[in-house]
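Colleague: First the structure, then my questions, so here it is.
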Amino acid sequence: MLLNSNNSSLLDKVIYRINASPEKKITFAEYMDMCLYDEQYGYYTSKSIAIGPEGDFFTSSSISSDFGELLAIQMEEFWQVLGQPKSFRIVEMGAGEGILAKIILDYLQSKFPSFYECIQYLIIEKSTALKIKQKETVNPTKYPIIWQDWQEIDSESIIGCFISNELMDALPVHRIIKDEGELKEIYVTVEDGNLREIYNNFSTDKIEEYLMINHVNLREDSYPHNYQTEVNLFSLEILAKIAQKLKRGYVLTVDYGYDAQKFYHPQRYEGTLKCYYQHRHHHNPYVNLGIQDITSHVNFTALVESGLNFGLDNLGLTQQALFLMELGLGDRLNDLSSGKILLSELWQRRNQLHELINPQGLGGFYVLLQGKNLRETERKQTLKGFTNF
Ligand SMILES: C[S@@+](CC[C@H](N)C(=O)[O-])C[C@H]1O[C@@H](n2cnc3c(N)ncnc32)[C@H](O)[C@@H]1O
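Letter 180 of the sequence shown, counting from 1, is numbered 180 in full-length UniProt numbering, and no numbers are missing.
See the structure below:
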């Protein structure tokens, strides 16, 4: 299959990398990493991407401040359960434009001042362009916020919580395919100046290990010839780092995805890889190089199972709609009928709140809570957002 590309600078760089590699091929994960995170031309790195109506996709934090404020309420409860530690760190990974950080900090400052006094907000962000934008959104001279890379954070130094919203879906994935009964990895190579997919043996044993933790056997006959899917090894690398840096506290992951049974269902034979360009989605990662988002759904079973191996307890998996309703989104909807809001604003507010809980959209996202080194009583505590999971 020959594939078209149309961003010549990044395409040239990809072709150069392929030709410089010993076997004239790179894994799809390497290719996706270049498309999204190449320092010069990557989607997230080369320019300040806009998230929301101006950009290619929405996230919950770009819709209204409600998502961040309700998350802040959950974090205050984390702090209470941990015994109100004097120093509580909120570590946000993959912070986009920094909007969520600002909303959380503003809300905690005005509603929970004693908690706010104990907070240090730390952002771990891969994109230099986005780090600059984040510093414009949340001025570090006005807020208790810093930016660090993983290696700057000491092991077992964090008491508090790690959070991410739509980080895991933005990580480069390995892709595999069932070819003549055998599982192969999808690589990208060059033929006549065009990018082309070829299949070969797995590039790393970690792919086989990943498949095993999900308790699925893609070699079974129920999986058809040409069945394709993704393996998100980087999500587990990030989870391992979190487990290493967290001394005591929580890990909250919000994203779209499935458990392994649904993710690797035989009928999902084309996998979950999707590209977003100007609010339209399609399935061709070889066009719009560096100017379109490429994403895949998150496999929550892999996060739960490998989390257990890394010492992270599974405290609950719920859906965003339920999570936000339990934290007070229902009350916010009810307040709209109090008559205290202008009719002109009413419609917009109602739409925003409904969008956050729409089961076909953001409301269907999963919210995973994991914990480390919690006492028995703390672990058993029913948290507000997880009352009904
Ligand atoms: C889809 S955006 C989500 C943005 C934001 N959380 C929101 O809700 O609007 C993904 C973010 O993760 C960042 N990112 C991707 N890989 C990362 C990594 N390995 N470490 C830290 N940040 C990463 C991207 O640069 C981007 O800021």
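No residue lacks a Cβ here, since even glycine has one placed at the ideal position from N, Cα and C.
Suppose the cutoff is 7 Å on Cβ atoms and the five residues either side in sequence are ignored; what does the same chain contact list for Leu-2 look like?
Modeller: To locate residue 2, count along the sequence shown from 1; it is residue 2. Confidence at Leu-2 is low in this model, with a pLDDT of 36, below 50, so the placement of that residue should be treated as unreliable; the coordinate-derived value is given next. If we look at Leu-2 and ignore the five residues flanking it on each side, its Cβ neighbours are Glu-191, Asn-194, Arg-196.
Colleague: Counting only the same chain and skipping the five closest in sequence on each side, list residues whose C-beta sits under 8 Å from that of His-283.
Modeller: Taking the first residue of the sequence shown as 1, we reach residue 283 at position 283. The residues are Glu-270, Leu-273, Lys-274, Cys-275.
Colleague: Quick one: what does DSSP say Tyr-16 is sitting in, helix, strand or coil?
Modeller: As a working note, residue 16 is residue 16 in the sequence shown. The answer is helix: DSSP assigns Tyr-16 an H, G or I state.
Colleague: Considering only the alpha carbon of each residue, which of Asn-139, Gly-364, Gln-228, Ile-238 lies closest to Phe-323?
Modeller: Sequence index remark: in the sequence shown, residue 323 carries index 323 (1-based). Of Asn-139, Gly-364, Gln-228, Ile-238, the smallest CA-CA separation from Phe-323 is found for Gly-364.
Colleague: If I measure Cβ to Cβ from Glu-136 and keep anything under 8 Å in the same chain, skipping five residues before and after, which residues do I get?
Modeller: To locate residue 136, count along the sequence shown from 1; it is residue 136. Here the set comprises Gly-98.
Colleague: If I follow the unbroken alpha helix (DSSP H) through Val-304, where does it start and stop?
Modeller: Translated into the one-based positions of the sequence shown, residue 304 becomes position 304. 300-309 is the span of the alpha helix (DSSP H), which, as asked, contains Val-304.
Colleague: Take Lys-206 and list the residues in its own chain whose beta-carbon comes closer than 7 Å to its own, dropping the five residues that flank it on each side.
Modeller: The residue given as residue 206 occupies position 206 in the sequence shown. Scanning its chain for C-beta atoms nearer than 7 Å, with the 5 sequence neighbours on each side dropped, one finds around Lys-206 the residues Leu-233, in chain order.
Colleague: Is it right to say Leu-342 is buried, meaning 16 or more other beta carbons lie within 10 angstroms of its own, or is it exposed?
Modeller: Reading the sequence shown from its first residue, position 342 is the one you call residue 342. Exposed, since its Cβ has fewer than 16 Cβ neighbours within 10 Å.
Colleague: When we look at the beta-carbon of Pro-53 and count the other beta-carbons within 10 Å, is it buried (16 or more) or exposed?
Modeller: To locate residue 53, count along the sequence shown from 1; it is residue 53. Exposed is the call here.
Colleague: How do the region 115-126 and the region 147-160 stand: do at least 3 beta-carbon pairs fall below 8 Å, yes or no?
Modeller: Using a Cβ-Cβ distance cut-off of 8 Å, the region 115-126 and the region 147-160 are in contact, since at least three pairs of beta carbons, one from each stretch, lie closer than that value.
Colleague: So, is Gln-74 buried or exposed, given that buried needs 16 or more other C-beta atoms within 10 angstroms?
Modeller: Numbered from 1 along the sequence shown, position 74 holds the residue referred to as residue 74. With 16 or more other CB atoms across the displayed protein chains lying within 10 angstroms of its CB, Gln-74 is buried.
Colleague: Compute the Euclidean distance between the alpha carbons of Leu-105 and Tyr-210, then round it to the nearest angstrom.
Modeller: As a position in the sequence shown, residue 105 is number 105, starting the count at 1. As a position in the sequence shown, residue 210 is number 210, starting the count at 1. Between Leu-105 and Tyr-210, the C-alpha separation is close to 37 Å.
Colleague: To which residues of the same chain is Arg-332 closer than 7 Å at the C-beta, ignoring the five residues directly before and after it?
Modeller: Along the sequence shown, read from residue 1 onward, the residue named residue 332 stands at position 332. Asp-66, Leu-353.
Colleague: Tell me, please, whether the region 29-41 touches the region 337-351 by the rule of three or more beta-carbon pairs shorter than 8 Å.
Modeller: Output reads no: the region 337-351 does not touch the region 29-41.
Colleague: How many angstroms separate the CA atom of Asp-313 from the CA atom of Thr-253?
Modeller: What you label residue 313 is simply residue 313 of the sequence shown in a count that begins at 1. What you label residue 253 is simply residue 253 of the sequence shown in a count that begins at 1. Approximately 13 Å between the Cα atoms of the pair.
Colleague: Only counting the same chain, and skipping five residues up and downstream in sequence, which positions put a Cβ closer than 6 Å to that of Ala-95?
Modeller: The residue you call residue 95 lines up with position 95 of the sequence shown. Ala-101, Ile-123, Glu-125, Gln-134.
Colleague: Helix, strand or coil for Leu-383 per DSSP?
Modeller: Indexing the sequence shown from 1 puts residue 383 at position 383. Coil.
Colleague: Using the C-alpha atoms, what's the distance from Val-188 back to Ser-5?
Modeller: Start at 1 with the first residue of the sequence shown, and residue 5 comes out as number 5. Start at 1 with the first residue of the sequence shown, and residue 188 comes out as number 188. Bear in mind that the predicted position of Ser-5 carries a pLDDT of just 44, short of 50, making it unreliable; the figure below should be weighed with that in mind. Those two C-alpha atoms are separated by around 13 Å.
Colleague: List, from N- to C-terminal side, the beta strand (DSSP E) runs of 3 residues or more that fit wholly inside the region 170-255.
Modeller: 174-179, 182-191, 194-200, 228-231, 246-255
Colleague: In the DSSP assignment, find the beta strand (DSSP E) that holds Asp-293 and state where it starts and stops.
Modeller: In the sequence shown, counting from the first residue as 1, residue 293 sits at position 293. Counting along the chain, the beta strand (DSSP E) containing Asp-293 begins and ends at 293-295.
Colleague: At 4 residues or longer, what runs of the alpha helix (DSSP H) sit wholly inside the region 97-175?
Modeller: Qualifying alpha helix (DSSP H) stretches, in chain order: 99-111, 113-117, 128-137.
Colleague: Taking Phe-202 as the reference, which of His-174, Leu-362, Glu-30 has the closest Cα?
Modeller: If you number the sequence shown from 1, residue 202 lands on position 202. The residue with the shortest Cα to Cα distance from Phe-202 is His-174.
Colleague: Span of the alpha helix (DSSP H) holding Phe-67?
Modeller: Position 67 of the sequence shown, counting from 1, holds the residue named residue 67. Residues 66-81.
Colleague: Given this structure, state the Cα-to-Cα distance separating Thr-295 from Glu-166, to the nearest angstrom.
Modeller: Translated into positions along the sequence shown, residue 295 becomes position 295. Translated into positions along the sequence shown, residue 166 becomes position 166. If you draw a straight line from the Cα of Thr-295 to the Cα of Glu-166, it comes to about 10 Å.
Colleague: Between Lys-384 and Phe-112, what straight-line distance do the alpha-carbon atoms span, to the nearest angstrom?
Modeller: The residue given as residue 384 occupies position 384 in the sequence shown. The residue given as residue 112 occupies position 112 in the sequence shown. Taking the straight line joining both Cα atoms gives about 16 Å.
Colleague: Between which two residues does the beta strand (DSSP E) carrying Tyr-366 extend?
Modeller: Here residue 366 is taken as the residue at index 366 of the sequence shown, counted from 1. Per DSSP, Tyr-366 is one residue of the beta strand (DSSP E) stretching across 366-372.
Colleague: Between Leu-308 and the rest of its own chain, which residues show a CB-CB distance below 7 Å, the 5 nearest in sequence each way excluded?
Modeller: Along the sequence shown, one-based indexing puts residue 308 at 308. Only Asn-314 meet the Cβ criterion.
Colleague: Looking at the unbroken alpha helix (DSSP H) that takes in Met-32, where does it start and where does it end?
Modeller: Counting from 1 along the sequence shown, the entry for residue 32 is found at position 32. Its alpha helix (DSSP H) spans residues 28-37.
Colleague: Over the uninterrupted beta strand (DSSP E) stretch that includes Arg-280, give me the two end residues.
Modeller: Looking up residue 280 in the sequence shown gives position 280. Element bounds for Arg-280: 280-282.
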